[in-house]
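Everything below concerns the one structure shown next.
In the working numbering, the protein residues as written are 218 to 398.
Structure, rendered in structure tokens:
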């Protein structure tokens, strides 16, 4: 993909995430194109429909999670960093999932996002098991569940200090439950 085409595609993904978060999944896609500073044709060259755009938004979130996990920090720091990266994505996913129809052609792709998230968190689970921070049965799926739970207590509208305190409190509760017994 040419550099300028990637810049436009990335702008559409950012604009889509912002608008879907602000106004919901059913917002006219022309508004996404306008916010991204591109024409309607560019939008549809990159994404055949709103579901394809939504999938791209979540794929970009998973890429950010992979980068965060790859930094190699301990469990607590990694979970906080990942929760901060995904706070918007978690609420956006719930909002979009509520609007999807059960027979959509992309439903399998949306379901596969859960697998991708668990795979992205698997190296963190491996490190946490090796260091004794979690039990031997903790895997990417369990960290994925914990991450979704923790992300729900972080709100952009809260004062940053309050939001981080809430995130740390929730993480304390969850990590205590994941520790080996």
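We treat Cβ as the ideally placed atom computed from N, Cα and C, and that holds for glycine.
Predicted model only: the values in this text are computed from it and were never measured.
**residue 223, buried or exposed, once every other Cβ within 10 Å from all chains shown has been counted against 16** = exposed
**Request:** Look at the alpha carbon of residue 312 and the alpha carbon of residue 361, and state the distance between them as a whole number of angstroms.
**Result:** 18 Å
**Message:** I need the DSSP call for residue 240, collapsed to helix, strand or coil.
**Reply:** Three-state result, residue 240: helix.
**Request:** Please name the residue, chosen from 303, 366, 365 and 342, that lies closest to residue 355 on a Cα-to-Cα basis.
**Result:** Of 303, 366, 365 and 342, the residue nearest in Cα terms is 342.
**Item:** Between the CA atoms of residue 245 and residue 257 - distance to the nearest angstrom
**Value:** 11 Å
**Request:** Pick helix, strand or coil for residue 398, following the three-state DSSP scheme.
**Result:** Here residue 398 sits in coil by DSSP.
**Request:** Check each candidate in 333, 260 and 395 and name the one with the smallest Cα separation from residue 363.
**Result:** 395
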